[in-house]
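Asker:
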Amino acid sequence: MWMIWFTLACTATCALTHVSFTNLKCESFDKKFCQFDACYIKAVNRTHKYIDLYAKLMVLPIQNVEIKLEPMRYDNGYNPFLLAMTFDLCKYMRNPSARSMIFLREIHKTFLNATNMNHTCPYDHDIIIDKFFTGNLEKGISRYLPIPNGDYAIFTKWYVRNIPRSTVKIYFKITK
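Under mature numbering (1 follows the signal peptide of the UniProt record, and there is no 0), residues -17 to -1, 1 to 159 are what the sequence shown spells out, in order.
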């Protein structure tokens, strides 16, 4: 019986969830390796925004990519909301349905239609995320986790050949 109530509560909570991007920060640690030509949020209207990101890669091809994801929640500063996770992006792209990478798969699904990061390594082109819309997040991760209202962020750090190359921080607000 409690399972039915929990499922109904999650469905009602997730159906009414609204996500709005509040900030985006991109930083390259090695300008000779990559640069961000575009890294901004654009408003479609008062409630919906999208992200455009263009990472110009100077050293090609890229064979070995790791990503560290840190989900954060604002509470007197941004603090970890879930555990930080590190993924081998090339391994994930070879087998995106791997059970061990379900969190990365759900994040990737939200922006899969807005990016050219849709194949396995090597990457021999620039990385583009074009018009990543907030509505994708509302349908994505929030259907699995009943997330309370508040300010959140996903901090990502990108490693190539085990060297930190860049960081992308996406800040957003969840309201119901």
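Think of the CB as a built atom: it goes at the ideal place given N, C-alpha and C, for glycine as much as any other residue.
So the candidates are W141, S11, Y23, K15; which of them puts its Cα closest to the Cα of C73?
Answerer: On the sequence shown, position 90 is the one that residue 73 refers to. Answer by Cα proximity: W141.
Asker: For D109, which residues in the same chain have their Cβ closer than 7 Å to its Cβ, ignoring the five residues on either side in sequence?
Answerer: By 1-based counting over the sequence shown, the position of residue 109 is 126. Within the same chain, D109 has close Cβ partners Y37, A38, K39, L40.
Asker: Excluding sequence positions up to five away, which residues of its chain have a Cβ less than 8 Å from the Cβ of H102?
Answerer: Mapped onto the sequence shown, residue 102 falls at position 119. M76, listed in sequence order.
Asker: How about T150 and K8: do their beta carbons lie closer than 9 Å?
Answerer: The residue labelled residue 150 in the question sits at position 167 within the sequence shown. The residue labelled residue 8 in the question sits at position 25 within the sequence shown. Cβ distance < 9 Å, so T150 and K8 count as in contact.
Asker: Just list the alpha helix (DSSP H) runs in the region 25 to 103, keeping only unbroken ones of 4 residues or longer that don't cross its boundaries, in chain order.
Answerer: 72 to 77, 85 to 94
Asker: In terms of DSSP beta bridges, what is N6 paired with?
Answerer: The sequence position of residue 6 within the sequence shown is 23, counting from 1. In the DSSP output, where bridge partners are listed per residue, N6 has Y154.
Asker: So K114 is in the beta strand (DSSP E); what residue range does that whole segment cover?
Answerer: By one-based count along the sequence shown, residue 114 stands at place 131. Unbroken beta strand (DSSP E) run through K114: 110 to 116.
Asker: Hey, is the region 14 to 30 in contact with the region 77 to 93, meaning 3+ C-beta pairs nearer than 8 Å?
Answerer: no
Asker: Note the first and the last residue of the continuous beta strand (DSSP E) segment covering T139.
Answerer: On the sequence shown, residue 139 is found 156 positions in, with the first residue counted as 1. Its beta strand (DSSP E) spans residues 133 to 143.
Asker: Which whole-angstrom value is the C-beta distance of L65 and P54, which I expect to be below 8 Å?
Answerer: Taking the first residue of the sequence shown as position 1, residue 65 is located at position 82. Taking the first residue of the sequence shown as position 1, residue 54 is located at position 71. About 4 Å; that satisfies the 8 Å criterion.
Asker: Can you tell me whether V48 is buried or exposed, with buried defined as 16 or more other CB within 10 angstroms of its CB?
Answerer: Sequence index remark: in the sequence shown, residue 48 carries index 65 (1-based). Classification of V48: buried, given that the 10 Å Cβ count is 16 or more.
Asker: Can we count S83 as close to the ligand MG, meaning its CB is less than 8 Å from some heavy atom?
Answerer: Judged by which ligands are present, the structure shown has none, so any question about the ligand MG falls away.
Asker: So, helix, strand or coil for F19, using DSSP?
Answerer: Taking the first residue of the sequence shown as position 1, residue 19 is located at position 36. Note: F19 maps to strand in three-state DSSP.
Asker: Quick one: grab the DSSP three-state call for I146.
Answerer: The residue labelled residue 146 in the question sits at position 163 within the sequence shown. I146 falls in the strand class under three-state DSSP.
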